[in-house]
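So the structure is just underneath, and the comments pick up after that.
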Amino acid sequence: MIEILNHVALDRAKETGALVAHILQTLKSRSRVGTNLLDIDRWAQAMIAEAGAQSCYVDYAPSFGRGPFGHYICTAVNDAVLHGLPHDYKLADGDLLTLDLAVSMRGIAADSAISFIVGDSKPSESVAMISATERALSAGIAAAGPGARIGDIAHAIGTVLSEAGYPINTEFGGHGIGSTMHQDPHVPNTGRPGRGYKLRPGLLLALEPWVMADTAKLVTDADGWTLRSATGCRTAHSEHTIAITDDGAEILTLPKQA
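For the sequence shown, full-length UniProt numbering begins at 1 and goes up steadily by one.
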């Protein structure tokens with residue numbers, strides 16, 4: 001299903017996007033050396049409830065997972081990259097943490113992810129990887145607009161990631177979003193320009209470049225959810241929900257400037 005939202009629904013999407021951005025930035029500020037991933041999950045749960053919103057994850061049970069997910073946010077550390085199931089782990093200095101959050105409010109969902117390094121250690125390889133996913137996300141957003149095609153976005157993202165030297169996995173990528181978290185169209189992180197669905201105003205997309213340092217192969221944890229790099233290398237993931245407008249694309253999950 002591909003949804004095209006009207007102006008009323010788009011206004012709701014902006015509210016949901018702002019909430020997702022606020023929660024992620026708050027959780028980032030609280031994520032320090034010694035912070036337990038289960039505490040991050042509890043903080044997310046409390047903020048979602050306080051806003052009168054609903055988690056898109058807690059009851060999430062797709063065919064590829066051992067569902068339901070049962071938690072309120074994805075917390076992926078170091079070699080984990082997607083669907084990181086919160087567990088009893090205390091963050092260490094230099095850990096690369098990805099927080100991925102999807103929330104629904106007033107019937108419209110928004111989805112975003114951020115990767116950052118915990119503590120004072122800043123391994124250069126991790127910094128470079130995070131930067132590559134952020135640049136790829138910006139390139140994908142710049143390629144989006146009415147009349148553009150999904151392949152244009154995929155090509156823009158893939159070009160940045162490839163030029164940075166990272167292998168690209170195409171099993172998981174971006175997606176349509178609206179009244180539900182995951183919708184068509186699928187947005188792969190590499191592709192050919194001029195191909196695929198033509199974008200229309202009112203379409204919401206969650207774009208999410210992610211990479212693993214030296215492999216494109218994933219393995220699944222015993223928890224049935226957490227996806228890790230097959231080689232144990234570090235990973236990074238950046239995501240925004242955007243709305244296609246009459247003259248381009250608007251980022252709905254952009255944090256407010258302090």
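Yeah, the Cβ is synthetic: ideal placement off N, Cα and C, and Gly gets one too. These numbers come from a predicted model, not from an experiment.
Around the beta-carbon of ASN169, 16 or more other beta-carbon atoms lie within 10 Å, marking it buried.
Here the alpha carbon of ALA136 sits roughly 7 Å from the alpha carbon of GLY158. For SER179, there is no enclosing beta strand (DSSP E), as DSSP gives it neither H nor E. Within the same chain, Cβ atoms closer than 6 Å to the Cβ of GLY140 are found at ILE153, ALA156, ILE157 and LEU207, the five residues on either side in sequence being excluded.
Burial check for GLN183: the Cβ neighbour count within 10 Å reaches 16 or more, so the residue is buried. By the neighbour-count criterion, in which a residue is buried when 16 or more other Cβ atoms sit within 10 angstroms of its Cβ, THR235 is buried.
As computed with DSSP, ASP100 is found in a beta bridge with CYS74 and ALA113. Residues of the same chain with a CB within less than 7 Å of the CB of ASP88, apart from the 5 flanking positions on each side, are ASN36 and LEU38 in chain order. Judged by pairs of C-beta atoms under 8 Å, the region 144 to 152 does not touch the region 69 to 87, as fewer than three such pairs exist.
A direct Cα-to-Cα measurement between PRO188 and GLY178 gives close to 18 Å. With fewer than 16 other beta carbons inside 10 angstroms of its own, ILE2 counts as exposed. Counting every other CB atom within 10 Å of its CB across the protein chains shown gives PHE64 a total below 16, marking it as exposed. In this structure, the alpha-carbon of THR231 lies about 27 Å from that of PRO68. Looking at ASN6, TYR57 and GLU250, the one whose alpha-carbon comes closest to that of PRO86 is TYR57. Counting along the chain, the unbroken beta strand (DSSP E) around GLY248 starts and ends at 248 to 251. Residue range 210 to 212 is occupied by the beta strand (DSSP E) that includes MET212.
In this structure, DSSP gives ILE40 a helical state, which the three-state scheme calls helix. Within the same chain, and ignoring the five residues on either side of ASP246 in sequence, the residues whose Cβ sits closer than 8 Å to its Cβ are PRO146 and PRO201. DSSP, reduced to helix, strand and coil, places LEU207 within a strand of the structure shown. Closest in C-alpha terms to ALA110, from the list ARG192, VAL8, SER55 and HIS237, comes SER55. Put simply, the backbone Cα of ARG228 is about 29 Å away from that of ALA142. Around the beta carbon of ASP79, 16 or more other beta carbons sit within 10 angstroms, so the residue counts as buried.
Per DSSP, ALA154 is one residue of the alpha helix (DSSP H) stretching across 150 to 163. Residue pairing from DSSP places ARG228 in a beta bridge opposite ALA80 and VAL219. Put simply, of ASP11, ALA44, ILE40 and LYS90 the residue whose alpha carbon is nearest the alpha carbon of VAL33 is LYS90. In the DSSP assignment, HIS22 falls within the unbroken alpha helix (DSSP H) covering 7 to 30.
With contacts defined as CB atoms closer than 7 Å, GLU134 and SER238 qualify as a contacting pair.
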